[in-house]
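When you read off a place in the sequence shown, starting at 1, and then add 2, the result is the number in my numbering.
Every residue gets a Cβ at the ideal spot worked out from N, C-alpha and C, and that includes glycine.
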Amino acid sequence: MGRWVAPDKGVQETVIGGTSYRPDRKGIYNVESPSAERAMKAEGFFEAALNPYNGGDAQRGFTCVECGFGSWFRKCSRCGHENGTPERDGE
Ligand SMILES: [Zn+2]
Numbered sequence: 003m004g005r006w007v008a009p010d011k012g013v014q015e016t017v018i019g020g021t022s023y024r025p026d027r028k029g030i031y032n033v034e035s036p037s038a039e040r041a042m043k044a045e046g047f048f049e050a051a052l053n054p055y056n057g058g059d060a061q062r063g064f065t066c067v068e069c070g071f072g073s074w075f076r077k078c079s080r081c082g083h084e085n086g087t088p089e090r091d092g093e
């Protein structure tokens with residue numbers, strides 16, 4: 003299960019695979035389906051735990067999917083990979 007935040011705060015509802023998801027009062031989507039999480043990630047959603055504005059979590063920033071470098075920013079400061087960009091959906 004993951005907690006996701008929409009890239010656009012104006013988003014009130016998103017439909018993934020026929021299921022509609024709505025954010026809670028903090029704008030966080032609680033998603034239990036791994037495939038829905040992947041779809042959200044592809045849409046530019048990011049994990050609430052990684053949201054620096056959320057605070058309070060031990061894990062902050064982004065971990066680069068290319069080189070594994072832990073970066074505060076979405077764009078890896080080591081290799082320049084833009085994390086959180088849409089990936090090819092293998093399904
Ligand atoms: Zn990197």
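With a cut-off of 8 angstroms on the beta carbons, I'd call residue i and residue j a contact; round off their distance for me.
{"i": "G4", "j": "E49", "result": "6 angstroms"}
Specify the secondary structure class of residue i as computed by DSSP and reduced to three states.
{"i": "G57", "result": "Low confidence applies here, because G57 scores a pLDDT of 45, under 50, leaving its location unreliable and the question unanswered by this model."}
{"i": "S37", "result": "helix"}
Cutting at 6 angstroms between CB atoms, please list the residues of its own chain near residue i, excluding the five before and the five after it.
{"i": "M42", "result": "W6"}
{"i": "V33", "result": "G4, W6, E39"}
For residue i, which residues of its own chain have a beta-carbon under 8 angstroms away from its beta-carbon, when the five flanking residues on both sides are left out?
{"i": "P9", "result": "E45, G46, F47, F48"}
{"i": "C81", "result": "C66, E68, C69, F71"}
Could you spell out where the beta strand (DSSP E) holding residue i opens and where it closes?
{"i": "S79", "result": "It is not in any beta strand (DSSP E) - S79 carries neither H nor E in the DSSP assignment."}
{"i": "R5", "result": "4-7"}
{"i": "V17", "result": "16-18"}
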